[in-house]
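Undergrad: Residue 220 in my numbering is what sits at position 26 of the sequence shown, and the numbering runs on without skipping anything. Glycine is no exception: its CB is placed at the ideal position from the N, C-alpha and C atoms.
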Amino acid sequence: MPGLTTVMRWLAEDRGGFRAQYARAREVQAELDADDQVAIADEPPRTVHIEWAEASAHTEGVTQKRAVAVALDNAEVANRRLRSEARRWRAAKMNPKKYGRLADPPASDDDQEGVVVVIKNYAGLAK
195 MPGLTTVMRW
205 LAEDRGGFRA
215 QYARAREVQA
225 ELDADDQVAI
235 ADEPPRTVHI
245 EWAEASAHTE
255 GVTQKRAVAV
265 ALDNAEVANR
275 RLRSEARRWR
285 AAKMNPKKYG
295 RLADPPASDD
305 DQEGVVVVIK
315 NYAGLAK
């Protein structure tokens with residue numbers, strides 16, 4: 195595998211159409227990250243089983259009650275959230291058009307004219 199410096203040089207020179215191949219590979223990597231994020235979320239949660247026994251005295255003798263509780267492993271939940279967010283972030287950086295946050299819609303010309311008028315009034319340039 196070539197070193198980072200070599201890859202950057204090939205990108206700068208576009209050696210043999212390398213730039214287009216590299217861009218496509220990054221798009222595929224973003225797709226795989228998005229798929230991996232879904233797989234992480236779909237994994238069944240790991241649970242922790244907690245058992246305890248209670249002894250109680252009766253006239254006939256001692257009986258024991260057993261209780262079992264099932265709880266989610268909080269550390270695993272936090273780890274999954276972190277793994278999922280990291281993949282979402284990387285996918286958004288690699289393919290912002292598809293996985294990035296939605297940008298605010300561009301302002302219309304009417305909005306721009308209003309801003310220009312306010313600036314001119316403030317600066318004393320209005321006629």
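Excluding sequence positions up to five away, which residues of its chain have a Cβ less than 8 Å from the Cβ of Val264?
TA: Thr241, Val242, His243 and Ile244
Undergrad: Please specify which runs of the alpha helix (DSSP H), each continuous and at least 4 residues long, are wholly inside the stretch 202-237, giving them in chain order.
TA: 212-236
Undergrad: Cα-Cα, which of Gln223, Val201 and Ala224 is closest to Arg213?
TA: Val201
Undergrad: Taking only the alpha-carbon atoms, compute the straight-line gap between Asp229 and Arg220 and give it to the nearest angstrom.
TA: Straight-line Cα distance between these residues: approximately 14 Å.
Undergrad: According to DSSP, is Arg240 part of a helix, a strand, or is it coil?
TA: coil
Undergrad: Given Arg277, which residues of its chain have a CB within under 6 Å of its CB, disregarding the five upstream and five downstream residues?
TA: Ile234
Undergrad: Among Lys287, Arg274 and Met288, which one has its Cα closest to the Cα of Asp236?
TA: In terms of CA proximity to Asp236, Arg274 leads the group Lys287, Arg274 and Met288.
Undergrad: Using the beta-carbon count (16 or more within 10 Å), is Gln231 buried or exposed?
TA: Buried: at least 16 other Cβ atoms inside 10 Å.
Undergrad: From this set, Leu296, Arg295 and Ala286, which residue's C-alpha is nearest Leu226's C-alpha?
TA: Ala286
Undergrad: Have a look at Val262, Pro239, Gln215 and Gln223 and flag the residue whose alpha-carbon is nearest the alpha-carbon of Lys292.
TA: Gln223
Undergrad: Mind listing, in chain order, the continuous alpha helix (DSSP H) runs of no fewer than 4 residues lying wholly within the stretch 269-297?
TA: 290-293, all fully within the stretch 269-297.
Undergrad: With DSSP as the reference, please indicate the residues paired to Leu266 in a beta bridge.
TA: Thr241
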